[in-house]
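Have a look at this one:
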């Protein structure tokens, strides 16, 4: 029952962190097809998929504890006496330390547990059936510790309009108090105060919320219907205007900027370099002397200069052996599954082989060795087999593997050749780590620089031959270091470093991580638009720097300052001072160093980083990504946008003011959690430059016009009351007030959501126009005051004009002023519009038609005999012209003498 419970936990819910005790007969799965029974000497490894935890799509190899794996039967797990020591729960998803101790054996067995012995919550067991012991559950798992609660997002425009509405409310109260004061507080003045509050209540734009929400829905519909960005989904209808106000864009790397597809591009041997067009030469060298190259015998006498052919052989063999790749064979659909598996197993047939590894770089290297003739056909925990071009199988026993870590920046492997018994230590890694390990040479640094400028990810490959005694001595020291509880990582690293001396440099490889389509022009456009781009990635520092260069996130002329790893306050202080002296250079910093800087010098660090043209944070956990977003919001007060494609980007997307998810290889988790979902990174250009601009400009115009509509009628009411001895009597009653805000003016005002100041092509061609939007000039206290003045002027003119021109009867004042008011509103919409749309014209004439038609039914308000006379028409026309013509003249003069930045482009 307990076993069933553990398996249920692991395979059904993926809810727990556990370590692996036992792996049942391993069937490798690729997609939905079952692969062959793997002929492993020890069937004690399995694969997991971690794409929702760290964003990497490759399978990770996980290994069982060897002393439990050696038990004869599964049920024996219950009869042993053992205990586990595990470190306390922590955020870091890249490390784990523990020990497994079996007490009932003689002597007591101690085994070290590391990250490769653990299965993680929120990951999928991609192969085999695993029995494990649960270590962390619920809130203690890494995935839960790295998630954050989503927040309700409110757009900056909504906050600004809220401020203006508060100002209008204060104006309403002040105006009512002034009217009561001018009355002289006679009689029950507080009753009059409330009557005035009700009369002037149109100052508060109640319809503003409705209009804006309908407008936002319209913007969302337009974005989804845009054929230039197909597949875009708007998942929130509250913040489309935010797309037009962004200052910081925080982007993931893998799957967002890159396709996560590696291609081998370059092999450099020191004296000769091979590119994609000369790979056939390497193939010829490999085929010409099958098996091991003859020069192997010369390796003991380095004075004899090796031939190019033998050096190519050694380099290719090193690349084919030094990795963590496992070949996986998919079975063909057959009637008898058993024979299918067996057949595949014996043939190692090429057509259904795929490679799995924790890094796509490694897969690219192994695929390349296959293309030139040396194929990895089988691998288990203790050996691997290569197939030469002649079909000969070469077996190598794996004695030790040193996995890649962000600290060491290299990985190594010790293998024994089955045929000759020779022990060789191969190592590959970043040039910064390897340059001190390999023997002196004069070309490595220069060639690494050349490849990096081409945007290639470089790896230096080296080897060292070991004698039996050297190897035995190393094994003893290494096993001793692995069992220590305190400073285990340091002790293990010290033992490994004792081997890493005077290694023979074999070659330098260059692998290209293909960028997404049009990433470079898109980033260029965003930079020109004044948006600062930060790249937050869980990837390695070298890889992140490479992509930053190749994607032109960092321009060719800019320097890159790589922030040295710091662990204490003093180191952070020195490094920040060193960085402060640099000007106009991009910053590259690792997650650990960032944590230290933020702990002691948060304000100083953010201030310096915000001055950089670009920032790259590598080895970031999901929580750190969200933390950086919040830091920028807190320290700069500017709007942030986060874009990512994996489950590890969800926290960042939810923390940002505007979250954009890309539907990618890593599933839809980011896309579903985001406010906007796109299919390709390049679509973000149009989303911000065109739709962001239009949404913000339209909402700003719409919001202010709705306020103007309420202010103008309140001004007329105030003038009317003050003329008639501050009487609290309504000017317009009943249907006139209802119709004014609805059927008479609603359609033309709402048609402002179709307005645009710049054509989409122009907005994309001149992204510099976007900079103006971030200053928030379309809606500010200044523009609001201008609209208030316009409302007071027009309301005063309309009311005084009607009072001056009315014939002896009071009913004519209402008819003249209300008709002039409707005409003024329609003309003001026309004045506000910058680009006419046919629906706007329809809305204007439809509203005018509705008003004219309704005059016939409004007998209680209008004298039908009077409104059909010429007198009525000229008086209304005169008042309307006086209220609107000066504004048209002012608009013309303003465009002539102080034109907006875009007018030069549109003319």
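In mature numbering (1 follows the signal peptide of the UniProt record, and there is no 0), the protein residues as written are -18 to -1, 1 to 889.
Don't be surprised by glycine CBs; every beta carbon is placed ideally from N, CA and C.
These numbers were taken from a predicted model, which means no experiment stands behind them.
Please say whether residue j and residue i have beta carbons closer to each other than 8 angstroms?
i	j	result
residue 450	residue 405	yes
residue 708	residue 165	yes
residue 492	residue 556	no
residue 185	residue 154	yes
residue 849	residue 797	yes
According to the neighbour-count rule (16 or more other Cβ atoms, all chains shown, within 10 Å of its Cβ), is residue i buried or exposed?
i	result
residue 454	exposed
residue 141	exposed
residue 221	buried
residue 818	exposed
residue 20	Low confidence applies here, because residue 20 scores a pLDDT of 31, under 50, leaving its location unreliable; read the following figure in that light. Buried.
residue 852	exposed
residue 193	buried
residue 212	exposed
residue 575	buried
residue 476	exposed
residue 427	exposed
residue 402	exposed
What separation, rounded to the nearest whole angstrom, lies between the Cα atoms of residue i and residue j?
i	j	result
residue 813	residue 234	44 angstroms
residue 180	residue 190	18 angstroms
residue 49	residue 65	13 angstroms
residue 721	residue 606	54 angstroms
residue 604	residue 523	16 angstroms
residue 639	residue 393	40 angstroms
residue 694	residue 149	16 angstroms
residue 498	residue 105	26 angstroms
residue 335	residue 611	42 angstroms
residue 741	residue 408	60 angstroms
residue 78	residue 381	23 angstroms
residue 873	residue 223	26 angstroms
residue 494	residue 144	50 angstroms
residue 864	residue 854	16 angstroms
residue 828	residue 602	57 angstroms
residue 580	residue 440	31 angstroms
residue 91	residue 458	16 angstroms
residue 109	residue 362	14 angstroms
residue 769	residue 188	17 angstroms
residue 613	residue 588	8 angstroms
residue 265	residue 291	10 angstroms
residue 359	residue 529	32 angstroms
residue 488	residue 544	28 angstroms
residue 870	residue 805	14 angstroms
Which residues does DSSP pair with residue i in a beta bridge?
i	result
residue 241	Looking at the DSSP assignment, residue 241 forms no beta bridge with any residue, so it has no partner.
residue 41	31
residue 361	366
residue 824	None, per the DSSP bridge assignment.
residue 816	Answer by DSSP bridge pairing: none, since residue 816 is not bridged.
residue 338	308
residue 1	100 and 115
residue 250	255 and 490
residue 644	660
residue 397	380 and 406
residue 597	516 and 569
How is the beta strand (DSSP E) around residue i delimited, first residue to last?
i	result
residue 118	109 to 118
residue 550	Counting along the chain, residue 550 falls outside any beta strand (DSSP E), and DSSP gives it neither H nor E.
residue 379	375 to 384
residue 92	91 to 95
residue 516	514 to 518
residue 68	64 to 68
residue 445	438 to 448
residue 220	Here residue 220 belongs to no beta strand (DSSP E), and DSSP marks it neither H nor E.
residue 126	Not the beta strand (DSSP E): residue 126 falls in the alpha helix (DSSP H), residues 124 to 127.
Could you give the first and the last residue of the continuous alpha helix (DSSP H) run that contains residue i?
i	result
residue 746	742 to 747
residue 579	573 to 592
residue 477	470 to 481
residue 870	852 to 879
Is residue i close to the ligand FMN? I mean its beta-carbon at under 7 angstroms from any heavy atom of the ligand.
i	result
residue 514	Absence of the ligand FMN from the depicted structure is noted, as is the absence of any ligand whatsoever, leaving it without description.
Would you say residue i lies against chain D (beta-carbon separation less than 8 angstroms)?
i	result
residue 341	In summary, chain D is missing from the structure at hand, where a single protein chain is found.
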